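As structure tokens, the structure follows; a few thoughts come after it.
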Amino acid sequence: NDRVLQVVNLKKYYTVNDGWFSSGQRVKAVDDVSFSIYKGETVGLVGESGCGKSTTGRTVLQLSQPTSGKIIFEGTDISKLKGQELRQIRRRIQMIFQDPYASLDPHKTIQQILTEPLHVHHLYDKKKRIEKVRKMLKTIGLTDTYLTRYPNELSGGQRQRIAIARAVILHPLLIVADEPVSALDVSVQAQVINLLMHLQHEFQLTYLFISHDLNVVRHITDRIIVMYLGKMVEAAPTEELFRDPKHPYTRALLSAIPIRNPDEHTDRIVLNGEVPSPVYPPSGCPFHERCPNAMDICSKAAPRQVNLSEKHKTICHLYS
Ligand code: SF4
Ligand code: MG
Numbered sequence: 003n004d005r006v007l008q009v010v011n012l013k014k015y016y017t018v019n020d021g022w023f024s025s026g027q028r029v030k031a032v033d034d035v036s037f038s039i040y041k042g043e044t045v046g047l048v049g050e051s052g053c054g055k056s057t058t059g060r061t062v063l064q065l066s067q068p069t070s071g072k073i074i075f076e077g078t079d080i081s082k083l084k085g086q087e088l089r090q091i092r093r094r095i096q097m098i099f100q101d102p103y104a105s106l107d108p109h110k111t112i113q114q115i116l117t118e119p120l121h122v123h124h125l126y127d128k129k130k131r132i133e134k135v136r137k138m139l140k141t142i143g144l145t146d147t148y149l150t151r152y153p154n155e156l157s158g159g160q161r162q163r164i165a166i167a168r169a170v171i172l173h174p175l176l177i178v179a180d181e182p183v184s185a186l187d188v189s190v191q192a193q194v195i196n197l198l199m200h201l202q203h204e205f206q207l208t209y210l211f212i213s214h215d216l217n218v219v220r221h222i223t224d225r226i227i228v229m230y231l232g233k234m235v236e237a238a239p240t241e242e243l244f245r246d247p248k249h250p251y252t253r254a255l256l257s258a259i260p261i262r263n264p265d266e267h268t269d270r271i272v273l274n275g276e277v278p279s280p281v282y283p284p285s286g287c288p289f290h291e292r293c294p295n296a297m298d299i300c301s302k303a304a305p306r307q308v309n310l311s312e313k314h315k316t317i318c319h320l321y322s
């Protein structure tokens, strides 16, 4: 069994005070999401901001406790773990965030930053750690002269390379990358994506890649999960999703990206209105108020998941 991660009926609810009611209102940030990731795969989690993709990533990383559901990593439900057991898992699941400026300690040299995770997890002796760091620096395309530098002496792309190296140096099984290139110039984005793909090959990494940018996601992922208002609406292998999107929301998202291939040209689908407030999600299908294909049933009953093929799923009344 080469399943690395299985997320089962994950729910993450928050209570917020919306200013009108004295009682807290419940926000379903993630509402019954299930998916698996297999060894060596890159799975993309996409959707507009506020759709729950980052929250899903944070619960996988155990930075946030799920309200209910399971996060099964290598056969163990890690949402129940504490202390030493959780620390062991943290070595195996690493993270890369959008903002390398915020995630690197400005008072530490690159050598200190890259040695720290090895130190924390009691890996190798001092000499071996420095050897490992030098090797990793070379792997990410930086010379030894960077060892004594500080993050603010590096460009944005170099900083993100360091954040990536810090994650990879522990030889994790899974890396959760939340918008890892969104803060970078477009010209640098491709280099960092290529680095991630190279490292995946070299270290047999598995990625959960969170992004709102479908062009980036298309380049790096094997499969894509589309989320809308805390729910999964479609999941498919990347090429199939681009070639034959089924859910009306996915179709609208894809129609909005600048086309590269004229054969794939479709007219832009303009959606009505904004993403509704998750505090007051619409009844039935959460997309019905904006959906160009909405039918009577859509506002009344929540659609169920339909398996269109082994790997292509959608949650929409059009297919049930
Ligand atoms: Fe549109 Fe209805 Fe499908 Fe929702 S269930 S996406 S409203 S057609
Ligand atoms: Mg986010």
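For the sequence shown, full-length UniProt numbering begins at 3 and goes up steadily by one.
Using N, Cα and C, we set each Cβ at its ideal position, and we do this for glycine too.
Everything numeric in this text was worked out from a predicted model, so none of it was measured.
Taking Leu231 and Pro278 to be in contact with their CB atoms under 8 Å, please state how far apart those CB atoms are, rounded to whole angstroms. Leu231 to Pro278, Cβ: 7 Å. Contact.
For Asp298 and Gln96, the rounded distance between their alpha carbons: So the alpha carbons of these two residues sit roughly 45 Å apart.
Assigned secondary structure, Thr240 (DSSP; H/G/I helix, E/B strand, else coil): If DSSP states are grouped into helix, strand and coil, Thr240 belongs with the helices.
Going by C-alpha distance, which of Val45, His314, Arg253, Ser70 is nearest Pro294? For the residues Val45, His314, Arg253, Ser70, the minimum Cα distance to Pro294 belongs to Arg253.
Ordered along the chain, which non-local residues of its own chain (more than five positions away) have a Cβ less than 6 Å from that of Phe99? Same-chain partners within the cutoff: Ser105, Asp180.
Indicate the three-state DSSP secondary structure (helix, strand or coil) for Gln206 in the structure shown. Three-state DSSP puts Gln206 in coil, outside helix and strand.
Cβ of Pro305 versus every heavy atom of the ligand SF4: is any distance shorter than 6 Å? Pro305: yes, Cβ under 6 Å from the ligand SF4.
According to DSSP, Leu47 sits in a beta bridge with which residue or residues? The secondary-structure analysis by DSSP pairs Leu47 across a beta bridge with Ile212, Ile227.
Mind reading off the beta-carbon distance from Phe211 to Ile222? Whole number of angstroms is fine, and I expect it under 8 Å. Confirmed, Cβ separation roughly 6 Å.
Between which two residues does the beta strand (DSSP E) holding Ala254 run? For Ala254, no beta strand (DSSP E) encloses it; the enclosing alpha helix (DSSP H) starts and ends at 250–257.
For His314, verify whether its CB is less than 6 Å away from any heavy atom of the ligand SF4. Short note on His314: C-beta not closer than 6 Å to any heavy atom of the ligand SF4.
Which residues bound the alpha helix (DSSP H) around Lys88? Sequence inspection shows Leu at residue 88; the Lys mentioned does not correspond to that position. In the DSSP assignment, Leu88 falls within the alpha helix (DSSP H) that extends over 85–94.
Residues around the ligand SF4, please: the condition is that the C-beta lies closer than 5 Å to some non-hydrogen atom of it. That gives Pro250, Cys287, Phe289, His290, Cys293, Asn295, Ala296, Cys300, Pro305, Cys318, His319, Leu320.
Check Gln113 in the structure and name its three-state DSSP category. DSSP places Gln113 in helix when its eight states are reduced to three.
How should Gly85 be labelled, buried or exposed, when 16 other C-beta atoms within 10 angstroms of its C-beta is the threshold for buried? It counts as exposed.
Using DSSP's beta-bridge definition, name the partner residues of Gln162. DSSP lists no partner for Gln162.
Going by CA-CA distance only, name the one from Ile166, Asp127, Arg270, Val35 that's closest to Tyr15. Answer by Cα proximity: Val35.
Could you give the distance in angstroms between the alpha-carbon of Cys300 and the alpha-carbon of Glu43? For Cys300 and Glu43, the distance between alpha carbons rounds to 34 Å.
Going by the beta-carbon positions, is the gap between Gln8 and Ile74 smaller than 7 Å? Yes, the Cβ-Cβ distance between Gln8 and Ile74 is below 7 Å.
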